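Below is one structure, written out as structure tokens, with a few remarks after it.
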Amino acid sequence: MVTLKDIAAEAGVSITTVSNVVHSRKSRVSPELVKKIEKIIQREQYAPSMSARSLANDQSNIIGVITHLTPQNTGSTVGDPFMGSFVDSIEKRLREEGYYLMIRAVEDAAELSSLSRSWRLSGLIITGMFQDDFFTTTKALGIPFVLIDSYVDDPDACCIGLEDETGGCIATRHLLEKGHRGVAFAAPSIRPGGVIEKRFLGYRRALEEYGVAYDPSLVFTQEITADEGKKLGRHLASRKEITGIFASADILAAGIMAGLSERGVSVPGDKSVIGFDDNYLSQLTIPGLTTIHQDADRKGILATDMILKQLRHEPVAEKSVILPVHLVERGSVQPFR
């Protein structure tokens, strides 16, 4: 079986040069050499051995995208439309750099530690981290990591977040500006120090701005799935005092709209609905979903750049990045009549 050493000897280059071509780091090699090396690789039908490289380097060139499962969050990682867009941008960039992607939901710190050791992961991109033993274990692994949508107080950690509270305020304010006063908030469990709490605080802030008393009976918590959203929508159909609904994710908003429709409640004729994310679902609902836009692709690109810089031992100029949000108006909100 042909090896990197054999290819390097025939091409008259170093093994490192051949490795760069094999793993798509072609910007470091002249076009002429790339062509020469690829011709040999194709002729010899060479394929890199992941297991051998893992044992030799104590790394697998695999980057893990990890979702931390909690009792309140047991849904599918890849089933979330936001995660689909986010992961897609990561995979494209990693593939260009010769790395591989693993997507995994992990329940606890022990499972994360075992996963990292078993696969010799080169780095981690983790969503929804809290400052608990899961974070402590992540730091102790000694591999590069980037936190997404995580409010962790650690100046050394690379974090990419969002204007979550601002987004929650913009969404609720939009309903209030349209004359709605019975405004519901729908989301998964509100855990202190998390993204949902930030969006909820934005909801509370907008109510306060408009002099509307906060009513805990208008806060609804459940899984972020279409089925749970439909179930909630069917319930909200009978709540006449609720005329506006802010859902913390588009998939939940879409489910609510479907549930309302099943009960003969019109959107936006009877109730207005606004979501959060601006993923493809917001353009498929009827009417189109008014929502808060976040750039999932940009999040993925920034996360990948941060991981790659750490792997190359390059400085990360800005370790904490907060991305902006804005309102996208479609047809699911209208003035209260």
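For the record, in the sequence shown the residue sitting at position 232 is 232 according to our numbering, with numbers rising by one throughout. Every residue gets a Cβ at the ideal spot worked out from N, C-alpha and C, and that includes glycine. Computed from a predicted structure; not experimentally measured.
Cβ pair count under 8 Å reaching 3, the region 119–136 against the region 161–171:
no
Could you check which residue in S266, Q294 and D295 has the C-alpha nearest to that of P287?
To locate residue 287, count along the sequence shown from 1; it is residue 287. Considering only alpha carbons, the answer is S266.
S217 classed as buried or exposed, judged by whether at least 16 other C-beta atoms fall within 10 angstroms:
Here the question's residue 217 lines up with position 217 in the sequence shown. With fewer than 16 other Cβ atoms within 10 Å, it is exposed.
Give the secondary structure of Y203 by DSSP, where H, G and I count as helix, E and B as strand, and everything else as coil.
Position 203 of the sequence shown, counting from 1, holds the residue named residue 203. Correct three-state label for Y203: helix.
Which whole runs of the beta strand (DSSP E) in the region 258–327 are 3 residues long or more, in chain order?
For the region 258–327, whole beta strand (DSSP E) runs of length 3 or above, ordered along the chain, are 272–277, 290–293 and 320–323.
Count Cβ pairs between the region 251–266 and the region 197–205 that sit closer than 8 Å; are there 3 or more?
As far as the Cβ criterion goes, the region 251–266 does not touch the region 197–205, which means the pair count is below three.
Under the assumption that I143 contacts L124 (Cβ atoms under 8 Å), give the Cβ distance between them as a whole number of angstroms.
Position 143 of the sequence shown, counting from 1, holds the residue named residue 143. Position 124 of the sequence shown, counting from 1, holds the residue named residue 124. Contact flag correct, Cβ pair sits at about 7 Å.
So, helix, strand or coil for A11, using DSSP?
Translated into positions along the sequence shown, residue 11 becomes position 11. Three-state DSSP puts A11 in a helix.
Tell me which residue opens and which closes the alpha helix (DSSP H) that A157 is part of.
Indexing the sequence shown from 1 puts residue 157 at position 157. Under the DSSP assignment, A157 falls outside any alpha helix (DSSP H); it carries neither an H nor an E label.
Reducing DSSP to helix, strand and coil, say where A184 ends up.
Against the sequence shown, residue 184 aligns to sequence position 184. Note: A184 maps to strand in three-state DSSP.
Considering Cα atoms alone, identify which of S150, G179, A157 and E96 is closest to R191.
Position 191 of the sequence shown, counted from the start, is the residue given in the question as residue 191. Checked all of S150, G179, A157 and E96; the closest Cα to R191 is S150.
S51 versus R117: straight-line alpha-carbon distance, rounded:
By 1-based counting over the sequence shown, the position of residue 51 is 51. By 1-based counting over the sequence shown, the position of residue 117 is 117. Note that S51 has pLDDT 48, beneath the 50 cutoff, so the model's placement of it is unreliable and no number is given.
Within 8 Å, do at least three Cβ pairs link the region 293–312 to the region 322–329?
As far as the Cβ criterion goes, the region 322–329 touches the region 293–312, which means the pair count is three or higher.
Close Cβ partners of A56 (< 8 Å) along its chain, the five nearest in sequence each way excluded:
Locating residue 56 in the sequence shown gives position 56, counting from the first residue. With a pLDDT of 46 at A56, under the threshold of 50, the modelled position of this residue cannot be trusted; read the value that follows with caution. Excluding positions up to five away in sequence, the list is empty.
What number of angstroms, rounded off, separates the C-alpha of E329 from the C-alpha of K36?
Position 329 of the sequence shown, counting from 1, holds the residue named residue 329. Position 36 of the sequence shown, counting from 1, holds the residue named residue 36. Computed Cα separation, rounded: 53 Å.
Kindly confirm or deny that the region 263–278 and the region 105–115 touch, where touching means at least three C-beta pairs closer than 8 Å.
no
Should S30 be labelled buried (16 or more other beta-carbon atoms within 10 Å of its own) or exposed?
Here residue 30 corresponds to residue number 30 of the sequence shown, with the count starting at 1. Counting Cβ neighbours within 10 Å, S30 comes out exposed, since fewer than 16 surround it.
CB L415 to CB V13, shorter than 8 Å?
Nothing in the structure corresponds to residue 415, since the chain is present only between 1 and 337.
Collapsed DSSP secondary structure at I143 in the structure displayed:
Counting from 1 along the sequence shown, the entry for residue 143 is found at position 143. In the three-state DSSP reduction, I143 falls in the coil class, being neither helix nor strand.
Would you decide whether R173 is buried or exposed? Buried here means 16 or more other CB atoms lie within 10 Å of its CB.
Locating residue 173 in the sequence shown gives position 173, where the first residue counts as 1. Classification for R173: buried.
Is the region 296–314 touching the region 84–103, taking contact as three or more C-beta pairs under 8 Å?
yes
Do you know how far the Cα of M257 is from the Cα of E38?
Translated into positions along the sequence shown, residue 38 becomes position 38. Translated into positions along the sequence shown, residue 257 becomes position 257. Those two C-alpha atoms are separated by around 53 Å.
Report the rounded CA-to-CA distance for V146 versus R120, giving the unit in angstroms.
Position 146 of the sequence shown, counted from the start, is the residue given in the question as residue 146. Position 120 of the sequence shown, counted from the start, is the residue given in the question as residue 120. Those two C-alpha atoms are separated by around 17 Å.
Among I63, A213, M129 and D270, which has the Cα closest to the Cα of Q310?
Locating residue 310 in the sequence shown gives position 310, where the first residue counts as 1. The candidate whose alpha carbon is nearest that of Q310 is I63.
Under 8 Å: do the region 100–114 and the region 311–319 share three or more Cβ pairs, one atom per stretch?
no
Spatial distance of K26 from R181 (CA atoms)
For this step, residue 26 is matched to residue 26 along the sequence shown. For this step, residue 181 is matched to residue 181 along the sequence shown. Looking at the two C-alpha atoms, the distance is approximately 58 Å.
Answer yes or no: do V273 and A237 have a C-beta to C-beta separation smaller than 8 Å?
Counted from its first residue, the sequence shown places residue 273 at position 273. Counted from its first residue, the sequence shown places residue 237 at position 237. Here V273 is not near A237, since their CB atoms are 8 Å or more apart.
Please look up how many angstroms separate the CB atoms of R234 and G259, rounded, as I've assumed it's under 8 Å.
As a first step, residue 234 is located in the sequence shown; it is residue number 234 there, counting from the start. As a first step, residue 259 is located in the sequence shown; it is residue number 259 there, counting from the start. Right, the Cβ-Cβ distance comes to about 4 Å (below 8 Å), so this counts as a contact.
Taking C-alpha atoms, which residue in N20, H68 and I126 lies nearest to G98?
Along the sequence shown, one-based indexing puts residue 98 at 98. When each option's Cα is compared against that of G98, the closest is N20.
Determine the direct distance from the alpha carbon of E96 to that of A11, and round the result to whole angstroms.
Position 11 of the sequence shown holds residue 11. Position 96 of the sequence shown holds residue 96. Using only the alpha carbons, I get a separation of about 23 Å.
Using a Cβ-Cβ cutoff of less than 8 Å, which residues in the same chain neighbour P188 once the five nearest sequence positions on both sides are dropped?
For the purposes of this step, residue 188 is taken as residue 188 along the sequence shown, with counting starting at 1. The residues are Q72, N73, I196, T221, Q222, E223, I224 and S248.
Just the Cα atoms here: how many angstroms apart are E241 and A206?
As a position in the sequence shown, residue 241 is number 241, starting the count at 1. As a position in the sequence shown, residue 206 is number 206, starting the count at 1. E241 and A206: Cα-Cα distance of roughly 18 Å.
Helix, strand or coil at R104 according to DSSP, with G and I counted as helix
Residue mapping note: residue 104 aligns to position 104 of the sequence shown, counting from 1. Correct three-state label for R104: strand.
Using CA atoms only, rank isn't needed, just tell me which of K5, N279, P315 and F86 is closest to Y46.
Your numbering for residue 46 matches position 46 in the sequence shown. Considering only alpha carbons, the answer is K5.
If you check the beta carbons only, do K299 and I160 fall under 8 Å apart?
Counting from 1 along the sequence shown, the entry for residue 299 is found at position 299. Counting from 1 along the sequence shown, the entry for residue 160 is found at position 160. The answer is yes: Cβ separation under 8 Å.
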